[in-house]
Structure formats: structure tokens, C-alpha cells
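So the protein sequences, as listed, match chains R and E. Counting in our numbering, the first sequence runs without a single skipped number right up to 842 at its last residue. Counting in our numbering, the second sequence runs without a single skipped number right up to 417 at its last residue. Beta carbons are placed, not taken as given, at the ideal position from N, Cα and C, and that holds for glycine. Take a look at the structure below.
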Amino acid sequence: MKQWIEKQRYLIDFTLASLARRKTRNLGLLGVYTLLVFVLASVALYTHALRVEAAKVLAASPEVILQRLVAGRHDLIPPGYLEKVGRIRGVQKREGRLWGYYYDAVVKANYTFMVPNDGTMAVKRGEIIVGPALERSRGLAAGNGISFRSYSGKLHTFIVEAVLPQASELVSADLVLMHEEDFRAFFDYPAGHYTDIALSVANPQEVRNVALKLAAALPDSRPILRDEVLRTYASIFDWREGIVLALLSAAILAFGILAWEKASGLSADEKREIGILKAIGWETGDVIKMKFWEGLLISLTAFLVGFVAAYVHVFYFAAELFEPVLKGWAVLYPRFQLTPHVDGLQVATLFFFTVFPYAAAVLVPIWKAAITDPDAVMRG
Amino acid sequence: MIFQPAIIALLLASAICVLALAASAPFAVELVRRWDINSGSERQLRLERRTYLFSTLLVFIMTAQLASVLLFVFNAEKMSGMFVGAMCAVGTLNVNPWGFPALNAKIAVFFLAAMWLAINHVDSRARDYPLVRIKYALLLLLAPLLAASAWTEAQFFLNLKADVITSCCGSLFSEGSTTLAAEASAMEPLPAMLLFYGAMGLAIGSASYQWAFGKGGYATATAAALGFAAGISGILAFISLYIYEHPHHHCPFCVLKPEYGYQGYALYIPLFLATAAGLATGAIRPFAGIASLKTVVAETSRRLAAVASIGFLLTTAVATAMILRSNLILLEH
Numbered sequence: 463m464k465q466w467i468e469k470q471r472y473l474i475d476f477t478l479a480s481l482a483r484r485k486t487r488n489l490g491l492l493g494v495y496t497l498l499v500f501v502l503a504s505v506a507l508y509t510h511a512l513r514v515e516a517a518k519v520l521a522a523s524p525e526v527i528l529q530r531l532v533a534g535r536h537d538l539i540p541p542g543y544l545e546k547v548g549r550i551r552g553v554q555k556r557e558g559r560l561w562g563y564y565y566d567a568v569v570k571a572n573y574t575f576m577v578p579n580d581g582t583m584a585v586k587r588g589e590i591i592v593g594p595a596l597e598r599s600r601g602l603a604a605g606n607g608i609s610f611r612s613y614s615g616k617l618h619t620f621i622v623e624a625v626l627p628q629a630s631e632l633v634s635a636d637l638v639l640m641h642e643e644d645f646r647a648f649f650d651y652p653a654g655h656y657t658d659i660a661l662s663v664a665n666p667q668e669v670r671n672v673a674l675k676l677a678a679a680l681p682d683s684r685p686i687l688r689d690e691v692l693r694t695y696a697s698i699f700d701w702r703e704g705i706v707l708a709l710l711s712a713a714i715l716a717f718g719i720l721a722w723e724k725a726s727g728l729s730a731d732e733k734r735e736i737g738i739l740k741a742i743g744w745e746t747g748d749v750i751k752m753k754f755w756e757g758l759l760i761s762l763t764a765f766l767v768g769f770v771a772a773y774v775h776v777f778y779f780a781a782e783l784f785e786p787v788l789k790g791w792a793v794l795y796p797r798f799q800l801t802p803h804v805d806g807l808q809v810a811t812l813f814f815f816t817v818f819p820y821a822a823a824v825l826v827p828i829w830k831a832a833i834t835d836p837d838a839v840m841r842g
Numbered sequence: 085m086i087f088q089p090a091i092i093a094l095l096l097a098s099a100i101c102v103l104a105l106a107a108s109a110p111f112a113v114e115l116v117r118r119w120d121i122n123s124g125s126e127r128q129l130r131l132e133r134r135t136y137l138f139s140t141l142l143v144f145i146m147t148a149q150l151a152s153v154l155l156f157v158f159n160a161e162k163m164s165g166m167f168v169g170a171m172c173a174v175g176t177l178n179v180n181p182w183g184f185p186a187l188n189a190k191i192a193v194f195f196l197a198a199m200w201l202a203i204n205h206v207d208s209r210a211r212d213y214p215l216v217r218i219k220y221a222l223l224l225l226l227a228p229l230l231a232a233s234a235w236t237e238a239q240f241f242l243n244l245k246a247d248v249i250t251s252c253c254g255s256l257f258s259e260g261s262t263t264l265a266a267e268a269s270a271m272e273p274l275p276a277m278l279l280f281y282g283a284m285g286l287a288i289g290s291a292s293y294q295w296a297f298g299k300g301g302y303a304t305a306t307a308a309a310l311g312f313a314a315g316i317s318g319i320l321a322f323i324s325l326y327i328y329e330h331p332h333h334h335c336p337f338c339v340l341k342p343e344y345g346y347q348g349y350a351l352y353i354p355l356f357l358a359t360a361a362g363l364a365t366g367a368i369r370p371f372a373g374i375a376s377l378k379t380v381v382a383e384t385s386r387r388l389a390a391v392a393s394i395g396f397l398l399t400t401a402v403a404t405a406m407i408l409r410s411n412l413i414l415l416e417h
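Below you can see the structure in the form of C-alpha cells.
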């Protein structure tokens, strides 16, 4: 065993020296390789971070949201509907929610108007609490007044009581929190009606049963499960990542061709080197081993450097290069910092995507180089 | 579902492997028919040179196969969140009828590839390549298997539909159903433990014996196969219960989940490596009589037996540690 390790060490030593002798050529290949890993790893890291972020955001949302449908469209919850839901075993809390969208012609964006349900966010009449994106786009600060023209044409004026913290921006960017009566007056919302119903279920394994019971008791309703929303998000991000990777597969192919070219275009110097090695007693197998180490060293270096660069790019520079494709866009897009997160499966996948094609591409050229006859080279 | 990065990677790897094998098949046929080490003809020289290429290529393919089993299971585990009813890899594999055949085919190819690699290793160390013909004939047998494995895998991935409600491990590995896995799960803990420790002891014993004295290749291989079966049924019957600390949860895949600290990998990786090494000793044993291979086979088998012995020992130790650390009591003292 020790002998084997020693042998490999000498081979690596020799390979490194031989790589250093042809610096420019190898650095070129290494550069392209690193770039490829960098691009692929950026995509993978970024989508994964978005997935994690979405899961974190939804973790605090209610397990089941119940909407009422009329002719297949979302409609208001009429008075008495909440009572019709009745007591369902496993449901801890059920409450009607009030929220809606408001189009602001000034910044050409939609806001979400909402009445907070929990006591911690109580808003007084005539006051509002706004999200950070609104603060930026309308130049608002606590204490300022702002008017919105409601859908009935009347002008309503509110005082900004506070701005929501930056930390919650991913969910609260376009949010405007207001008092229930203000909300009803602003939208001319019929008394006793709600937008939808939120149910919290303690046991995650009961969620599906609760949804079935709801669907049976209220045939005109549509229960939306948090798990389903999460699953949809996960598939959307996976799909986006997959599409980008599929598009980039052309780049992988191009890289494979480049690697093939580089590996097969042996310079006269290299040919002579292999010829001499064989003349002094190296076997074909040894030459292949040396070339194998060469490929492995280049691959691992490129992988490591590319991956670290991608990590820095995604988590310190917010993935500026791929953001538009992967994130989607909106007028009031939230600004948010992604939490660094590396996933084992992703690293493994990435390794398959980059190292595997490289290895496949250089195999034949390596062999061609290794079987060169010493006399043929030295004579020529 | 095809646009999952890991799926693209797996399909890419399979496609490259099958293409490479298809490309080497004509050469293998030519070699089996025309190989003659004593001839100095142009053709023989060309064949000899080509064996270098194809040996390297096949080492590459087989290694890729070994890695892809791991990625396959890892991916199935990760994707379980996307299917209604799936809690772990079992749910994903159950989405369509191709899932489990694909996994089983991959595992079979893994072991066969390991055996082929052992034969290849032995052959390339002998001066006169005595096994070249056998090696390439075996390759021709292995090629359709590998292609079939790639095909089932592709079918599995292409037919993954997110709207299918799959069944979770609770229903597949429960004591009531009639599958082989359920039979193993339904075993009483005490006989299952006796079987597990007995088979492991046998496997460790025969591998260690060969490691020490260099005798008994077939015994090691048989004991390794037995050890593998006992290991899997042991995990189904009682080790999983101790890990989950739950008397009725028999799933062999949930142990791979982050909730259980990826403990399953500590159990499966040594078990698979040990079994592969054990089977490989058996695979090279028939060639021990060939003059140029005598020392090589003896040396390689001892080394493989050492790997098998340590691997089985590790599996047993890890399993025992999990049982001792668990708060579940299956056997009354």
C-alpha cells in the first residue's frame, strides 16, 4: 500500500512539473473549466437558496387557506360562512382574513392592502404601516401623510405610523397594513364579508384530512394547502434551474470539444517527452496514469475555484449575472439577502455535470498520446 | 420532471456510458475472435494497443456506475417532497412501476461492475494478459444489462408525474403486506438479530480467514452475498426500528434522511463496499490456477478480503452502536 502511494506521489510530482512547463496552455483550459463550473454552480446555489428562502417564508403561513368559489372564480366569504365550517377536529384556529390589491397609478405597481389579524400589529384608524419597498418608491417615512384614490373615486388620506423592518422584506415589500374599518370603507367592502379563511392545523399529517372534510362540508370552497404551495415553489425553481442547465448544456458540450482538442493537439515537445519516457522504461499504463492525474488535478482545481467563486457571487454579490432569469421580476421587487446554504446533492450533481464530461472527452486523446511509439517520435 | 438537475446529470451519465459501451462492443467481438498473444502480426499489435483504451474506458464507465447508484438514491430521497404521499425515497420510487426495478438494476450493475473491475485489475497485472478474452466476453454480457438499467432509469424519470398519489414507506414495509420486503420486516426481532449477527459473523470470519491465510475465495464470496442479504433484512427487521425509536417503522430509506442525521449512509456504504469486495474475491478465484496469475490473484484476493472483512465489521459495529444508543426496547432483558 505504502509503495503504491509513493508511486502515485512521484507521478503527481512529475505531472505538476510537466503542467508548469506549459503554463499558458494549461491555464487557458483551467480558466475555461473554472468559468463553466462557476456558471453552473451559481445557477445551482442561487436556485437552492431561493427554494430555502421560500420554504422559510411559508413556514409561518397558515396550513390551510379556504377560498370560496363562484363560477370557478375566487369570491368573498359571506356572513355566516365561517360558522358553517363548524368544528373540525384538529383545527386549532380559524379566522376570516381581509386583504386585497390596490393599483397605484403613481408608481404603476400593485400594493397588497391587509388587515392584520394578530394583536401585535394593531393599527389605529386613519393610520397605516407600510412595507420597505413602498417606503422606497413613494419616499415615505413614519409620520408622513399619504392619499390613495379608492376604486369608488374618493380620496382617502392616511398617516404612516411605521415602516416594516427590512428583515421581513421578502414577504412585506408591497404590504400596507390598515384598520379593519378603514379597509372596508376604502374598498366599499360589504359588512360581515371576508376575503378568505385561514385555518391552522397542529398535526401536519392531519392537514389532508382536514382539507377533505372541508371540501365535503362546503362544496363551493377550495382549500389551498401550504404543503402544496411549497411543492409548487420547489418545482418551479427546480424547473427554472433545469431549463438554465439544459441551455447551458451547449456550453458543456463546447467545453467537452475544447478539452478534446486541447488533449489531442499534443505539441511536438510533449510528444517527444512521452517518447523519451517510454524509451527509458515507462509503460503505456504509466503514461495513462500520468495523464489521468493531470486531468484530475485540473478538474479538482477548476471545480474548487469555480465553486468558491460561485459561492461568493451568489451570497455576497446577490448573483447579479443570473438574477433576472431565476428570480423573476416585479415593479416593487423585494430586496433581500440570501442565506448561504450548500446542499450535498447539488455538489454531487455539479460534479457529474462538469468532471464527468471532461473525463469522457479527454479519454481517447490520452490513449492516443500514450500509445505513441518512442522511436517514431524521436526519429520525427 | 425531466428538468431536475440531478436527473439530467444521471441521464447524461447513463447515456455516455451506454454510448461508450456500444462503441466498444465491436472491438470486444473482434478481440474475442482474433486475440493471439503469440502472434506478432499487425492486427495483434493494434488489438493490444486498443485494449489500453478500452480498459481505461471501462474503468471509467464502471466507476461512473458506482457513483450513480449513490446519486440515484440521494436524488430519490430529495425529490420525495414533490409527490403527494411520499415521505422518503420509497414514495418517489413508487410513483411509477419503474422506480424499484431501476434501483435494483443499478445495484445489480454495481456489483457486476465491481466484479468485472477486479478481473480487469488482475489481468492487467499479468505479463501475458491471460484473461483478455474472458474479460471482453463478460463485457459483452454486461453491456445489455447496463443498457437495460439505463433504459429502466430513463423510463422511471420520464414517467415521473407530480399528480400521482404515491404510497409511503409505511404501507410498503408494513408487517401486513405480502412482498419480500414485508416478509423481512415482519420477522421477530430476536430471530432477525440472530440471523444478522450470525451472517455477519460468518462473513467477517471467512473474509478474515482469507485475509490471514489466503484461502477460500468462494467461501468469502458466498458469505458476502449472505451477509448482504442479512444486512438488508436486518435493517428492515430491527436496526431501522432502533434508529427511529418506533416499534413499527421498518423503512430502509428514511435512515438516509437529514432528520436521522444521515445515519443510513454510515450503514450502507461499508455494507455495499464489503459485499462488492467479497463478491470480487469470488470472481477472480477461478483464475488462480493460471500460471502467470498465481501470485497476483492470491495477493489481490487477500487485499479484497481485507476490505470485505473491515467493511462487514464496520457495518456490524455501526449497527450495534445504533442499537445501544437507542432508547427503544425491543427485547426484554
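Which runs of the alpha helix (DSSP H) fall wholly inside the region 312-394 of chain E and span at least 4 residues, in chain order?
Counting only runs of 4 or more, we get 324-328, 347-368.
ILE145 (chain E) by DSSP, collapsed to three states: which one?
In the second sequence, the residue the question calls residue 145 (chain E) occupies position 61. The answer is helix: DSSP assigns ILE145 (chain E) an H, G or I state.
Rounded to a whole number of angstroms, what is the C-alpha to C-alpha distance between SER630 (chain R) and PHE699 (chain R)?
In the first sequence, counting from the first residue as 1, residue 630 (chain R) sits at position 168. In the first sequence, counting from the first residue as 1, residue 699 (chain R) sits at position 237. Distance between the alpha carbons of SER630 (chain R) and PHE699 (chain R) is about 21 angstroms.
In chain E, what lies closer than 7 angstroms to ALA810 (chain R) by C-beta?
For the purposes of this step, residue 810 (chain R) is taken as residue 348 along the first sequence, with counting starting at 1. Neighbours of ALA810 (chain R) on chain E, chain order: LEU155, PHE158.
Taking 8 angstroms as the cut-off, decide whether the C-beta atoms of PHE156 (chain E) and GLY704 (chain R) are in contact.
In the second sequence, residue 156 (chain E) corresponds to position 72, counting from 1. In the first sequence, residue 704 (chain R) corresponds to position 242, counting from 1. No; because the gap between Cβ atoms is not below 8 angstroms, this pair is not in contact.
In the DSSP assignment, find the alpha helix (DSSP H) that holds TYR293 (chain E) and state where it starts and stops.
Here residue 293 (chain E) refers to the residue found at position 209 of the second sequence. From DSSP, the alpha helix (DSSP H) with TYR293 (chain E) extends over 273-297.
Where in the region 510-569 of chain R do unbroken runs of the alpha helix (DSSP H), each at least 4 residues long, occur, reported from the N-terminal end onward?
543-547, all fully within the region 510-569 of chain R.
Grouping DSSP H, G and I as helix and E and B as strand, with all else coil, what is LEU412 (chain E)?
On the second sequence, position 328 is the one that residue 412 (chain E) refers to. Three-state DSSP puts LEU412 (chain E) in coil, outside helix and strand.
By the 10 Å Cβ neighbour count, where 16 or more other Cβ atoms means buried, how is HIS334 (chain E) classified, buried or exposed?
As a working note, residue 334 (chain E) is residue 250 in the second sequence. Label assigned to HIS334 (chain E): buried.
Quick one: which chain E residues come within Cβ less than 9 angstroms of GLU703 (chain R)?
As a first step, residue 703 (chain R) must be located in the first sequence, where it is residue number 241. Going along chain E in sequence order, the residues near GLU703 (chain R) (Cβ under 9 angstroms) are PHE87, GLN88, PRO89.
Taking the continuous beta strand (DSSP E) assigned at ILE621 (chain R), which residues delimit it?
The residue labelled residue 621 (chain R) in the question sits at position 159 within the first sequence. 617-625 is the span of the beta strand (DSSP E), which, as asked, contains ILE621 (chain R).
Closer than 7 angstroms, Cβ to Cβ, to anything on chain R: give me those residues from the region 113-141 of chain E, in chain order.
The residues in question are ARG133, TYR136, LEU137, THR140, LEU141.
Checking the sheet assignment: what are the DSSP bridge partners for ASN572 (chain R)?
Here residue 572 (chain R) refers to the residue found at position 110 of the first sequence. Answer by DSSP bridge pairing, in chain order: R:TYR565.
Between LEU502 (chain R) and ALA148 (chain E), what straight-line distance do the alpha-carbon atoms span, to the nearest angstrom?
Counting from 1 along the first sequence, the entry for residue 502 (chain R) is found at position 40. Counting from 1 along the second sequence, the entry for residue 148 (chain E) is found at position 64. Computed Cα separation, rounded: 20 angstroms.
So if I threshold CB-CB distances at 9 angstroms, which residues from the region 576-606 of chain R count as touching chain E?
Under the 9 angstroms Cβ criterion, the region 576-606 of chain R contributes no residue.
Beta-carbon within less than 6 angstroms of GLU668 (chain R)'s beta-carbon, same chain only, minus the 5 sequence neighbours each way: which residues are those?
Reading the first sequence from its first residue, position 206 is the one you call residue 668 (chain R). GLY552.
What residue range does the alpha helix (DSSP H) around ILE218 (chain E) cover?
For the purposes of this step, residue 218 (chain E) is taken as residue 134 along the second sequence, with counting starting at 1. Counting along the chain, the alpha helix (DSSP H) containing ILE218 (chain E) begins and ends at 216-242.
Which residues of the region 634-654 of chain R have a Cβ closer than 9 angstroms to any Cβ of chain E? Give them in chain order.
The region 634-654 of chain R vs chain E, Cβ under 9 angstroms: nothing.
By the 9 angstroms beta-carbon criterion, what residues does the region 463-482 of chain R contribute toward chain E?
Of all residues in the region 463-482 of chain R, MET463 have a Cβ within less than 9 angstroms of some Cβ in chain E.
So, is PRO331 (chain E) buried or exposed, given that buried needs 16 or more other C-beta atoms within 10 angstroms?
By 1-based counting over the second sequence, the position of residue 331 (chain E) is 247. By the neighbour-count rule (16 or more Cβ atoms within 10 Å), PRO331 (chain E) is not buried but exposed.
Of all Cβ atoms in chain R, is any one closer than 8 angstroms to the Cβ of ILE100 (chain E)?
As a first step, residue 100 (chain E) is located in the second sequence; it is residue number 16 there, counting from the start. Interface residue, yes.
Given that THR746 (chain R) touches chain E, what residues does it touch there, using C-beta distances under 8 angstroms?
In the first sequence, residue 746 (chain R) corresponds to position 284, counting from 1. In chain order: ARG133, TYR136.
Is the separation between the beta-carbon of ALA823 (chain R) and that of TRP755 (chain R) shorter than 8 angstroms?
Your numbering for residue 823 (chain R) matches position 361 in the first sequence. Your numbering for residue 755 (chain R) matches position 293 in the first sequence. No, the pair does not count as a contact, with Cβ atoms beyond the cut-off.
Is there a C-beta anywhere in chain R that falls below 8 angstroms from the one on LYS245 (chain E)?
Reading the second sequence from its first residue, position 161 is the one you call residue 245 (chain E). No - not a single Cβ of chain R is within 8 angstroms of the one on LYS245 (chain E).
With 8 angstroms as the threshold, decide whether the Cβ of ALA765 (chain R) is near any Cβ in chain E.
Indexing the first sequence from 1 puts residue 765 (chain R) at position 303. A small correction: the amino acid at residue 765 (chain R) is Phe; Ala does not occupy that position in the sequence shown. So no, PHE765 (chain R) is outside the interface.
Measuring CB atoms only, is the region 115-132 of chain E touching the region 170-190 of chain E, in the sense that at least three cross pairs come out at less than 8 angstroms?
No: the two stretches stay apart, fewer than three of their Cβ pairs being nearer than 8 angstroms.
Can you tell me which of the three DSSP states GLU589 (chain R) falls into?
Translated into the one-based positions of the first sequence, residue 589 (chain R) becomes position 127. Of the three classes helix, strand and coil, the one that applies to GLU589 (chain R) here is strand, per DSSP.
Assuming LEU310 (chain E) and ALA283 (chain E) are in contact, meaning their beta carbons sit under 8 angstroms apart, how far apart are those beta carbons, in whole angstroms?
Taking the first residue of the second sequence as 1, we reach residue 310 (chain E) at position 226. Taking the first residue of the second sequence as 1, we reach residue 283 (chain E) at position 199. That pair is a contact at about 5 angstroms.
Which residues in chain R sit within 8 angstroms of ALA97 (chain E), going by Cβ to Cβ distance?
Mapped onto the second sequence, residue 97 (chain E) falls at position 13. Neighbours of ALA97 (chain E) on chain R, chain order: PHE814, PHE818.
Taking 8 angstroms as the threshold (C-beta atoms), are PHE620 (chain R) and GLY593 (chain R) in contact?
Taking the first sequence and counting its residues from 1, the one referred to as residue 593 (chain R) is at position 131. Taking the first sequence and counting its residues from 1, the one referred to as residue 620 (chain R) is at position 158. No, they are not a contact pair.
Return yes when the Cβ of VAL519 (chain R) is within less than 8 angstroms of the Cβ of LEU596 (chain R), no when it is not.
For the purposes of this step, residue 596 (chain R) is taken as the residue at position 134 of the first sequence. For the purposes of this step, residue 519 (chain R) is taken as the residue at position 57 of the first sequence. Taking 8 angstroms as the Cβ cut-off, LEU596 (chain R) and VAL519 (chain R) do not qualify as a contacting pair.
Answer with buried or exposed for HIS536 (chain R), where buried requires no fewer than 16 other C-beta atoms within 10 angstroms of its C-beta.
The sequence position of residue 536 (chain R) within the first sequence is 74, counting from 1. Under this definition HIS536 (chain R) is an exposed residue.
Under the rule that 16 or more other beta-carbon atoms within 10 Å means buried, what is GLY348 (chain E), buried or exposed?
On the second sequence, residue 348 (chain E) is found 264 positions in, with the first residue counted as 1. Buried.
Any idea what DSSP makes of ASP731 (chain R), helix, strand or coil?
The count along the first sequence starts at 1 and reaches residue 731 (chain R) at position 269. Residue state, collapsed to three classes: helix.
Assuming contact is defined by CB atoms lying nearer than 8 angstroms, are GLY718 (chain R) and PRO819 (chain R) in contact in what I supplied?
As a working mapping, residue 718 (chain R) is identified with position 256 in the first sequence. As a working mapping, residue 819 (chain R) is identified with position 357 in the first sequence. Yes. Within cutoff.
For SER385 (chain E), which of E:ILE191, E:THR365, E:SER376, E:CYS252 has the nearest alpha-carbon?
Counting from 1 along the second sequence, the entry for residue 385 (chain E) is found at position 301. Checked all of E:ILE191, E:THR365, E:SER376, E:CYS252; the closest Cα to SER385 (chain E) is E:THR365.
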